[in-house]
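Contents: one structure, followed by commentary.
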Amino acid sequence: MDDNKKLKLFEVITAFMMGFLPKIIERFVRNSRADKYLINIVLLHILVLIFVVFTSYVISVFIR
1 MDDNKKLKLF EVITAFMMGF LPKIIERFVR NSRADKYLIN IVLLHILVLI FVVFTSYVIS
61 VFIR
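Under my numbering, the first residue of the sequence shown carries the number 1, and numbering increases by one thereafter.
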């Protein structure tokens with residue numbers, strides 16, 4: 001694969017993740033109780049951050 005195709009693949013995966021993850025977060029937050037609302041949001045943001053960093057690392061290793 002040439003660099004242009006790799007970049008396109010990376011962009012597509014990133015765009016998919018950015019579109020898909022907020023839906024999951026929304027569902028989790030809706031199901032949570034009001035008193036646990038803030039804690040859930042913080043935990044989910046941390047999880048999403050870890051997930052995005054991990055997947056981008058895996059993709060960068062895969063591209064090399």
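Just so it is clear, CB atoms sit at the ideal spot from N, CA and C, and this is done for glycine as well. Only a predicted model underlies this, so the values are computations on that prediction, with no experimental measurement involved.
Next on the checklist: Given this structure, state the Cα-to-Cα distance separating Lys23 from Arg64, to the nearest angstrom.
Outcome noted: 31 Å
Next on the checklist: Given this structure, state the Cα-to-Cα distance separating Val58 from Leu43, to the nearest angstrom.
Outcome noted: 22 Å
Item to check | Arg27 - DSSP class collapsed to helix/strand/coil | outcome: helix
Checklist entry - What's the C-alpha gap between Val61 and Ala15? => result 19 Å
Item to check | Whole-Å CB distance - Leu21 paired with Val53, under 8 Å assumed | outcome: With 8 Å as the limit, Leu21 and Val53 do not qualify as a contact, their Cβ atoms being about 13 Å apart.
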